[in-house]
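Participant: One rule links them: number in my numbering = place in the sequence shown (from 1) + 484. Yeah, the Cβ is synthetic: ideal placement off N, Cα and C, and Gly gets one too. Below is one structure. I have some questions about it.
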Amino acid sequence: MAIQPIIRLGDPRLAEVASEVSQFNSPELDRLIEDMFDTMAAEDGAGLAAPQIGIGLRVVIFGFDTNPRYPDSSAVPRTILINPHITTLSDETEDGWEGCLSVPGMRGVVSRYKHIRYQGCDASGAPIDVEASGFHARVVQHECDHLDGIIYTQRLTDPSKLGFTEELLASGRLTSDICSE
Ligand code: NI
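Set out below in structure tokens:
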């Protein structure tokens, strides 16, 4: 296990555009991905991007079966996605609460595309090409934003729809602790 510290909003590394991965099947890449899964598991997260542990490479991971933090969400397949590219499959968007391990304890409402296609590579360089909708699509959009230095707080549909999870739950504005990360 190599759980890494997660850097938080305000750290300039989170605002940088990450670099493409050019070398696959390398011990360094495998170690990075292992560390990311260990770190995500330790935080009960649904996804994690390499820049969140201070590594400026275009690598994201996501996926979970059942998670007490997302009781209303269906499972998302465990995925390693490198050098991702997202295509929107319709103009349809939906609002949903998101959180981020780099902004601990908070949730905000973000509008995301409902139907997307994502392409990229796995750790061996094999191509990935998947269509996703709903929560799955939201997680992918959230994680890929990290690779361009974008945090969900920059995408709030309404700045008043940002708050601490405990207060949002206590006031009933957030009915279950669902978030993208
Ligand atoms: Ni995040």
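Taking contact to mean at least 3 C-beta pairs separated by less than 8 Å, is the stretch 492-500 in contact with the stretch 624-640?
Facilitator: Result yes; three or more Cβ-Cβ pairs closer than 8 Å.
Participant: Quick one: give me the first and last residue of the alpha helix (DSSP H) that V614 is part of.
Facilitator: In the sequence shown, residue 614 corresponds to position 130, counting from 1. V614 -> not in any alpha helix (DSSP H); beta strand (DSSP E) instead, spanning P611 to S617.
Participant: Can you list, in chain order, the residues of its chain whose CB lies under 8 Å from that of S503, leaving out five sequence neighbours each side?
Facilitator: In the sequence shown, the residue the question calls residue 503 occupies position 19. The residues are G540, L541 and R542.
Participant: Closest by CA to F548, which one among H620, T649 and R601?
Facilitator: By one-based count along the sequence shown, residue 548 stands at place 64. Among H620, T649 and R601, the Cα nearest to that of F548 is on H620.
Participant: Going by beta carbon distance, what residues of the same chain come within less than 7 Å of R596, once the five residues before and after it are set aside?
Facilitator: Taking the first residue of the sequence shown as position 1, residue 596 is located at position 112. So the list reads T577, E578, G580, A621, R622 and Q625, once near-sequence residues are dropped.
Participant: Say the cut is 6 Å; is the CB of C584 nearer than that to a heavy atom of the ligand NI?
Facilitator: Within the sequence shown, the letter at position 100 stands for residue 584. Yes.
Participant: Within the continuous beta strand (DSSP E) that includes T649, where are the two ends?
Facilitator: For the purposes of this step, residue 649 is identified with residue 165 of the sequence shown, where counting begins at 1. Run containing T649: none in the beta strand (DSSP E); it sits in the alpha helix (DSSP H), T649 to A654.
Participant: Taking buried to mean at least 16 other C-beta atoms within 10 Å of its own C-beta, is F648 buried or exposed?
Facilitator: Against the sequence shown, residue 648 aligns to sequence position 164. Looking at its Cβ environment, which holds fewer than 16 other Cβ atoms inside 10 Å, F648 is exposed.
Participant: DSSP state of D575, grouped into three classes?
Facilitator: In the sequence shown, counting from the first residue as 1, residue 575 sits at position 91. In the structure shown, D575 sits in coil (DSSP, three-state: anything other than H, G, I, E or B).
Participant: Start and end of the alpha helix (DSSP H) containing R515?
Facilitator: Here residue 515 corresponds to residue number 31 of the sequence shown, with the count starting at 1. Where R515 is concerned, the enclosing alpha helix (DSSP H) stretches over P511 to A526.
Participant: DSSP puts R596 in a beta bridge; with which residues?
Facilitator: For the purposes of this step, residue 596 is identified with residue 112 of the sequence shown, where counting begins at 1. Paired residue(s): E578.
Participant: Can you find the residues in the same chain that come closer than 6 Å, C-beta to C-beta, to M590, ignoring five residues on each side of it along the sequence?
Facilitator: If you number the sequence shown from 1, residue 590 lands on position 106. For M590, where only same-chain residues beyond five positions count, the Cβ hits under 6 Å are F648.
Participant: When you compare each of D519, G609, P643 and G592 to E650 by their alpha carbons, which one comes out closest?
Facilitator: The count along the sequence shown starts at 1 and reaches residue 650 at position 166. Here the closest residue by C-alpha is G592.
Participant: Output the boundary residues of the beta strand (DSSP E) element that contains V543.
Facilitator: Mapped onto the sequence shown, residue 543 falls at position 59. Looking at the DSSP string, the run of the beta strand (DSSP E) that includes V543 is V543 to F548.
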